[in-house]
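In our numbering, the protein residues as written are 157 to 242.
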Ligand SMILES: Cc1cc2nc3c(=O)[nH]c(=O)nc-3n(C[C@H](O)[C@H](O)[C@H](O)COP(=O)(O)OP(=O)(O)OC[C@H]3O[C@@H](n4cnc5c(N)ncnc54)[C@H](O)[C@@H]3O)c2cc1C
């Protein structure tokens with residue numbers, strides 16, 4: 157998804173890829189959260205201690221769904237871009 161968008165930006169410019177950019181902002185952050193959550197689960201109780209980096213990643217990367225704008229704002233922005241065509 158990210159590579160496809162990077163290629164579109166390169167070939168057609170940032171404006172043409174604006175819907176893809178909005179999608180990545182919430183989709184990639186949610187993938188990141190799911191992957192870290194699964195890694196915590198695989199480690200069991202160890203995953204929620206500070207003996208591995210996982211609890212640090214979990215705490216820090218949860219912010220990825222907020223610090224570049226909340227998911228809801230990106231989804232609303234993407235919906236407006238898609239609906240504009242109609
Ligand atoms: C680790 C971290 C680093 C940051 N770094 C920066 C930075 O470098 N530069 C910078 O400018 N800012 C930065 N921020 C701030 C960040 O941009 C804001 O936290 C973010 O935009 C959300 O604003 P808020 O915290 O005021 O939450 P609010 O705007 O109060 O939103 C709270 C919640 O309400 C909901 N919500 C908000 N708006 C809508 C909407 N329109 N539709 C539906 N639901 C909505 C969402 O669920 C959202 O999570 C950072 C934040 C964090 C946590």
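Just so it is clear, CB atoms sit at the ideal spot from N, CA and C, and this is done for glycine as well.
The structure displayed is predicted, hence computed values, not measured ones.
Near residue i, which residues of its chain fall below 6 Å by C-beta distance, leaving aside the five closest residues on each side in sequence?
i	result
residue 233	178
residue 185	220, 221
Who are the near neighbours of residue i in its chain, counting only those whose CB is closer than 8 Å to its CB and skipping five residues on each side?
i	result
residue 160	176
residue 192	210, 213, 214, 217
Who are the near neighbours of residue i in its chain, counting only those whose CB is closer than 7 Å to its CB and skipping five residues on each side?
i	result
residue 237	174, 175, 178
residue 204	196, 211
residue 164	172, 173, 176
Quick check on the DSSP output: the alpha helix (DSSP H) that includes residue i runs from which residue to which?
i	result
residue 181	174-199
residue 162	158-168
residue 215	210-218
Around the C-beta of residue i, are 16 or more other C-beta atoms found within 10 angstroms, so that it is buried, or is it exposed?
i	result
residue 172	exposed
residue 181	buried
So, helix, strand or coil for residue i, using DSSP?
i	result
residue 227	helix
residue 222	coil
residue 241	coil
residue 171	coil
Using only Cβ atoms and a threshold of 6 Å, which residues come within that distance of a heavy atom of ligand 1? Order them by chain position. Listed by chain position, these are 219, 222, 223, 225, 226, 228, 229, 232.
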